[in-house]
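Going by numbering that gives the first Met the number 0, the sequence shown opens with residue 0, and the numbers climb by one from there.
Idealized CB from N, CA, C, for every residue including glycine.
Everything on this sheet refers to the single structure shown next.
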Amino acid sequence: METRGKFIVFEGTDGSGKSTQMKSLMKYLTEGGVKCVMTREPTESPFGALLRSCLTGRVEADEHTIAALFAADRLDHIRNPHDGILKLLEEGVSVLCDRYYLSSFAYNGGFVSLDWVIDLNTPAMQMLRPDLVVYLDVPPEEGMERVSRRGVTDRYETLSKQRRIRDNYFAAFSRFPEENVAIIKSEEKKERTQENIRRVVAKLYGWQA
Ligand code: TYD
């Protein structure tokens, strides 16, 4: 029987460098003989596409609807019989995921009741908890600077919102101490950040550092 894959989630405020670091980790794991895939939320599914339309304002929706859509998109991401995360893990594939339910607590929980957002995500929490959450920590000022260099900003990308989102993340880590979170400083030198991520991930796979 295949050994179950590992589910590794990346979290962080905007401009924390998740996608760069995920790509580099993917390379490391693949070279180490691990079968793995990268995925993200909102997903590429029709549910994720609808969500993106809501986030850009092309489809008008209130914050409750958006929070519920995130939870629905997540359930499909977990359970889709074709390419859902549970199926991949059972096939022995490790899954690197850009954002998961902690994003809902940090982002959506700032707009509507956090307890309600937690309730919406309780099924996902019961079905699939990450083996590891890599939280890339960037000072909000620096994250905003990186984001503005990219040129596109979304509705959460103001300094005061980013500060609040970061606080919400840390409140969620205290509220759910059972989550296996590694807080890793997102350094100016990307290679150093990656080394720190690899150290934690190597431990998860039982490899020598
Ligand atoms: P992001 O990873 O920043 O995507 P991109 O790099 O394409 O901009 O995520 C998109 C936005 O969705 C981001 O502002 C955070 C938000 N979000 C939520 O509000 N709740 C959630 O549950 C998730 C997964 C994301």
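Under the 10 Å beta carbon count, residue 126 is surrounded by fewer than 16 other beta carbons and is classified as exposed. Taking 6 Å as the cut-off, one finds no heavy atom of the ligand TYD near enough to the beta carbon of residue 46. The closest CA to that of residue 68, considering only 9, 44 and 159, is found on 44.
In this structure, residue 9 places its C-beta atom within 7 Å of the C-beta atom of residue 97. When C-beta atoms of the stretch 132–143 are compared with those of the stretch 183–195, three or more pairs fall below 8 Å, so the two segments count as touching. Ranked by Cα distance from residue 128, the first of 27, 99 and 3 is 99. The alpha carbon of residue 106 has as its nearest neighbour, out of 147, 175 and 66, the alpha carbon of 66. In the structure shown, residue 114 falls within a helical segment according to DSSP collapsed to helix, strand and coil.
Looking at 198, 122 and 101, the one whose alpha-carbon comes closest to that of residue 174 is 101.
Contiguous beta strand (DSSP E) elements confined to the stretch 33–69 occur at 35–39, taking only those with 3 or more residues. Ranked by how close their Cα comes to the Cα of residue 17, the residues 181, 195, 147 and 134 have 134 in first place.
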